[in-house]
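Peer 1: Per this note's numbering, residue 860 is the first one in the sequence shown, and the count goes up by one each step.
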Amino acid sequence: MKEIDPKQTKRATAFELWMEAPMPMITLFKTLDISNLVKLSRKHNYKLNMLLCWCIGKAASQMEEFYLLPVGNALMQYDSIAVNTVVTTKDGDINTCDIPFSAQLEQFNQDYLRLTRQVHDTCEPYDLGDDYMVIGTSALVQTEIDGAVNIYAGFYNNPFIIWGRYKRNFLKTTLSISFQFHHTQMDGGHAAKFLECLQAEISTLKL
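(1) For V1000, count neighbouring Cβ atoms within 10 angstroms of its own Cβ and tell me buried if that reaches 16, exposed if not.
(2) Nearest to K906 by CA position, among T975, I1036, I1021, is which residue?
(3) Would you list the residues sitting across from N943 in a DSSP beta bridge?
(4) Here's the rule I'm using: 16 or more other beta-carbon atoms within 10 Å means buried, otherwise exposed. How should F1092 be labelled?
(5) Note down, in chain order, each residue of its chain lying with its Cβ closer than 8 Å to the Cβ of K1026, except the 5 sequence neighbours on either side.
(6) Could you give the uninterrupted runs of the beta strand (DSSP E) lying entirely in the region 1019-1063, keeping only those of 3 residues or more?
(7) Assuming contact is defined by CB atoms lying nearer than 8 Å, are P984 and D970 in contact in what I supplied?
(8) Less than 8 Å between the CB atoms is what I'm expecting for D952 and D986, so what's the real figure, rounded?
(9) Can A871 and F1053 be called in contact, C-beta distance under 8 Å?
(10) L928 and M935 look like a contact to me (Cβ under 8 Å); what is the Cβ gap, rounded to whole Å?
(11) What does the alpha-carbon distance come out to for the pair T996 and Q867?
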(Lines of atoms letter the chains of each structure in order from A and count residues from 1; the text may use other names and numbers.)
(Lines give C-alpha, C1' and ligand atoms only; values in the text may rest on other atoms or scores of the structure.)
Protein backbone atom coordinates (compact mmCIF):
# COMPACT_ATOMS: atom_id res chain seq x y z
CA MET A 1 0.00 0.00 0.00
CA LYS A 2 1.26 3.48 -0.85
CA GLU A 3 -0.24 6.94 -0.81
CA ILE A 4 -0.66 8.51 -4.23
CA ASP A 5 -1.53 11.97 -5.48
CA PRO A 6 -5.23 11.90 -6.43
CA LYS A 7 -4.55 14.56 -9.09
CA GLN A 8 -2.42 12.02 -10.96
CA THR A 9 -5.29 9.51 -11.16
CA LYS A 10 -8.64 9.20 -12.93
CA ARG A 11 -10.31 9.71 -9.54
CA ALA A 12 -9.09 13.29 -9.07
CA THR A 13 -12.51 14.91 -9.50
CA ALA A 14 -14.23 12.28 -7.38
CA PHE A 15 -11.65 12.80 -4.64
CA GLU A 16 -12.42 16.53 -4.55
CA LEU A 17 -16.18 15.97 -4.62
CA TRP A 18 -16.67 13.09 -2.21
CA MET A 19 -13.86 12.90 0.34
CA GLU A 20 -15.52 15.51 2.56
CA ALA A 21 -19.09 14.39 1.90
CA PRO A 22 -20.93 13.28 5.08
CA MET A 23 -22.34 10.19 3.33
CA PRO A 24 -20.12 9.24 0.37
CA MET A 25 -21.21 5.59 0.22
CA ILE A 26 -23.48 4.25 -2.53
CA THR A 27 -25.37 0.94 -2.50
CA LEU A 28 -26.55 -0.93 -5.60
CA PHE A 29 -28.83 -3.98 -5.54
CA LYS A 30 -28.72 -6.83 -8.03
CA THR A 31 -30.16 -10.32 -8.38
CA LEU A 32 -27.58 -12.83 -9.59
CA ASP A 33 -28.18 -16.15 -11.28
CA ILE A 34 -25.97 -18.54 -9.30
CA SER A 35 -27.28 -21.79 -10.79
CA ASN A 36 -23.83 -22.67 -12.11
CA LEU A 37 -22.14 -22.15 -8.73
CA VAL A 38 -24.71 -24.28 -6.91
CA LYS A 39 -24.14 -27.09 -9.43
CA LEU A 40 -20.34 -26.84 -9.15
CA SER A 41 -20.49 -26.67 -5.37
CA ARG A 42 -22.41 -29.94 -5.16
CA LYS A 43 -20.48 -31.73 -7.90
CA HIS A 44 -16.98 -30.87 -6.66
CA ASN A 45 -17.68 -30.51 -2.93
CA TYR A 46 -16.70 -26.84 -2.80
CA LYS A 47 -18.33 -24.48 -0.31
CA LEU A 48 -20.75 -22.18 -2.12
CA ASN A 49 -19.60 -19.20 -0.05
CA MET A 50 -16.01 -19.86 -1.13
CA LEU A 51 -17.01 -19.96 -4.80
CA LEU A 52 -18.91 -16.68 -4.45
CA CYS A 53 -15.96 -15.03 -2.72
CA TRP A 54 -13.59 -16.24 -5.45
CA CYS A 55 -15.85 -14.90 -8.21
CA ILE A 56 -16.04 -11.55 -6.39
CA GLY A 57 -12.25 -11.40 -6.20
CA LYS A 58 -11.89 -12.47 -9.84
CA ALA A 59 -14.28 -9.79 -11.08
CA ALA A 60 -12.72 -7.09 -8.90
CA SER A 61 -9.18 -7.99 -9.92
CA GLN A 62 -10.00 -7.01 -13.51
CA MET A 63 -10.88 -3.41 -12.59
CA GLU A 64 -8.28 -0.79 -11.68
CA GLU A 65 -10.72 1.01 -9.37
CA PHE A 66 -10.52 -1.84 -6.87
CA TYR A 67 -6.80 -1.20 -6.37
CA LEU A 68 -7.51 2.29 -5.01
CA LEU A 69 -9.16 3.16 -1.70
CA PRO A 70 -9.66 6.36 0.30
CA VAL A 71 -8.13 5.89 3.74
CA GLY A 72 -8.43 8.78 6.16
CA ASN A 73 -7.78 11.87 4.07
CA ALA A 74 -5.55 10.10 1.56
CA LEU A 75 -5.96 8.00 -1.56
CA MET A 76 -4.06 4.72 -1.29
CA GLN A 77 -2.96 2.36 -4.04
CA TYR A 78 -2.66 -1.41 -3.57
CA ASP A 79 -0.99 -4.22 -5.48
CA SER A 80 -3.21 -7.00 -4.14
CA ILE A 81 -6.84 -7.75 -3.33
CA ALA A 82 -8.37 -9.87 -0.58
CA VAL A 83 -11.92 -10.95 0.19
CA ASN A 84 -13.17 -10.86 3.76
CA THR A 85 -15.78 -13.29 5.07
CA VAL A 86 -17.61 -13.60 8.39
CA VAL A 87 -16.92 -16.83 10.30
CA THR A 88 -18.94 -18.41 13.11
CA THR A 89 -16.46 -19.31 15.84
CA LYS A 90 -16.49 -22.37 18.08
CA ASP A 91 -17.90 -20.34 20.98
CA GLY A 92 -20.92 -19.35 18.89
CA ASP A 93 -19.75 -15.80 18.23
CA ILE A 94 -18.65 -14.38 14.87
CA ASN A 95 -15.37 -12.95 13.60
CA THR A 96 -13.89 -11.83 10.31
CA CYS A 97 -11.34 -13.49 8.07
CA ASP A 98 -9.31 -11.99 5.20
CA ILE A 99 -8.54 -14.39 2.36
CA PRO A 100 -5.90 -13.24 -0.17
CA PHE A 101 -7.27 -13.47 -3.69
CA SER A 102 -5.55 -15.91 -6.02
CA ALA A 103 -6.51 -16.33 -9.67
CA GLN A 104 -6.02 -20.05 -9.05
CA LEU A 105 -9.27 -21.33 -7.58
CA GLU A 106 -7.68 -24.30 -5.81
CA GLN A 107 -5.14 -22.06 -4.08
CA PHE A 108 -7.91 -19.71 -2.97
CA ASN A 109 -9.95 -22.68 -1.74
CA GLN A 110 -7.03 -24.00 0.32
CA ASP A 111 -6.46 -20.57 1.87
CA TYR A 112 -10.19 -20.18 2.50
CA LEU A 113 -10.49 -23.51 4.32
CA ARG A 114 -7.29 -23.05 6.33
CA LEU A 115 -7.93 -19.46 7.42
CA THR A 116 -11.64 -19.79 8.19
CA ARG A 117 -10.83 -22.90 10.27
CA GLN A 118 -8.18 -20.89 12.11
CA VAL A 119 -10.68 -18.12 12.91
CA HIS A 120 -13.28 -20.71 13.98
CA ASP A 121 -10.87 -22.48 16.32
CA THR A 122 -9.06 -19.47 17.80
CA CYS A 123 -12.10 -17.18 18.01
CA GLU A 124 -9.79 -14.41 16.78
CA PRO A 125 -10.09 -12.42 13.54
CA TYR A 126 -7.54 -12.91 10.76
CA ASP A 127 -6.41 -9.60 9.29
CA LEU A 128 -3.98 -9.33 6.38
CA GLY A 129 -3.09 -5.78 7.35
CA ASP A 130 -2.47 -2.87 5.04
CA ASP A 131 -1.00 -4.75 2.08
CA TYR A 132 -4.39 -5.70 0.58
CA MET A 133 -7.44 -3.80 -0.61
CA VAL A 134 -10.09 -5.87 1.17
CA ILE A 135 -13.60 -6.45 -0.16
CA GLY A 136 -15.94 -7.19 2.72
CA THR A 137 -18.70 -9.78 2.47
CA SER A 138 -21.44 -10.98 4.78
CA ALA A 139 -23.76 -13.94 4.15
CA LEU A 140 -27.04 -13.71 6.06
CA VAL A 141 -28.20 -17.19 5.10
CA GLN A 142 -30.77 -17.38 7.88
CA THR A 143 -33.30 -15.70 5.59
CA GLU A 144 -33.93 -14.47 2.08
CA ILE A 145 -33.28 -10.74 1.70
CA ASP A 146 -33.92 -8.27 -1.10
CA GLY A 147 -30.94 -6.12 -0.12
CA ALA A 148 -29.14 -4.40 2.72
CA VAL A 149 -27.43 -1.09 3.43
CA ASN A 150 -24.33 -1.49 5.55
CA ILE A 151 -23.43 0.80 8.43
CA TYR A 152 -21.33 3.81 7.42
CA ALA A 153 -19.09 4.91 10.24
CA GLY A 154 -16.71 7.17 8.32
CA PHE A 155 -13.59 5.06 8.84
CA TYR A 156 -14.33 1.82 6.97
CA ASN A 157 -14.47 2.80 3.30
CA ASN A 158 -13.90 -0.65 1.80
CA PRO A 159 -16.40 -2.05 -0.71
CA PHE A 160 -18.86 -4.43 0.92
CA ILE A 161 -21.22 -7.08 -0.45
CA ILE A 162 -24.10 -8.60 1.52
CA TRP A 163 -26.40 -11.46 0.56
CA GLY A 164 -28.92 -13.75 2.22
CA ARG A 165 -30.33 -17.19 1.44
CA TYR A 166 -30.56 -18.01 -2.25
CA LYS A 167 -33.92 -18.55 -3.94
CA ARG A 168 -34.59 -21.66 -5.95
CA ASN A 169 -37.22 -22.14 -8.64
CA PHE A 170 -37.80 -24.54 -11.50
CA LEU A 171 -35.46 -22.83 -13.97
CA LYS A 172 -32.67 -21.29 -11.92
CA THR A 173 -31.25 -20.37 -8.53
CA THR A 174 -30.98 -16.66 -7.77
CA LEU A 175 -29.27 -14.60 -5.09
CA SER A 176 -30.04 -10.98 -4.23
CA ILE A 177 -26.97 -8.98 -3.23
CA SER A 178 -26.19 -5.42 -2.18
CA PHE A 179 -22.93 -3.79 -3.18
CA GLN A 180 -21.77 -0.79 -1.17
CA PHE A 181 -18.80 1.34 -2.23
CA HIS A 182 -17.19 4.71 -1.62
CA HIS A 183 -17.87 7.22 -4.38
CA THR A 184 -14.23 8.32 -4.34
CA GLN A 185 -13.16 4.79 -5.25
CA MET A 186 -15.55 4.37 -8.17
CA ASP A 187 -18.63 5.77 -9.87
CA GLY A 188 -21.96 4.05 -10.40
CA GLY A 189 -20.93 3.01 -13.89
CA HIS A 190 -17.85 1.25 -12.56
CA ALA A 191 -19.97 -0.51 -9.94
CA ALA A 192 -22.47 -1.63 -12.58
CA LYS A 193 -19.60 -2.95 -14.73
CA PHE A 194 -18.28 -4.89 -11.74
CA LEU A 195 -21.67 -6.48 -11.09
CA GLU A 196 -21.96 -7.50 -14.73
CA CYS A 197 -18.44 -8.96 -14.59
CA LEU A 198 -19.34 -10.80 -11.39
CA GLN A 199 -22.35 -12.38 -13.08
CA ALA A 200 -20.18 -13.40 -16.03
CA GLU A 201 -17.60 -15.03 -13.75
CA ILE A 202 -20.35 -16.95 -11.94
CA SER A 203 -21.99 -18.12 -15.15
CA THR A 204 -18.86 -19.13 -17.03
CA LEU A 205 -16.85 -20.80 -14.24
CA LYS A 206 -15.80 -24.32 -15.24
CA LEU A 207 -13.96 -26.86 -13.10
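Glycine included, each C-beta is placed from N, C-alpha and C at the ideal position.
Peer 2: Quick answer:
(1) exposed
(2) T975
(3) D957, G995
(4) The question about residue 1092 has no answer here: the residues shown for the chain are numbered 860 through 1066.
(5) E1003, T1032, T1033, L1034, S1035
(6) 1019-1023, 1032-1041
(7) no
(8) Rounded, the Cβ-Cβ distance is 16 Å, inconsistent with contact.
(9) no
(10) 5 Å
(11) 30 Å
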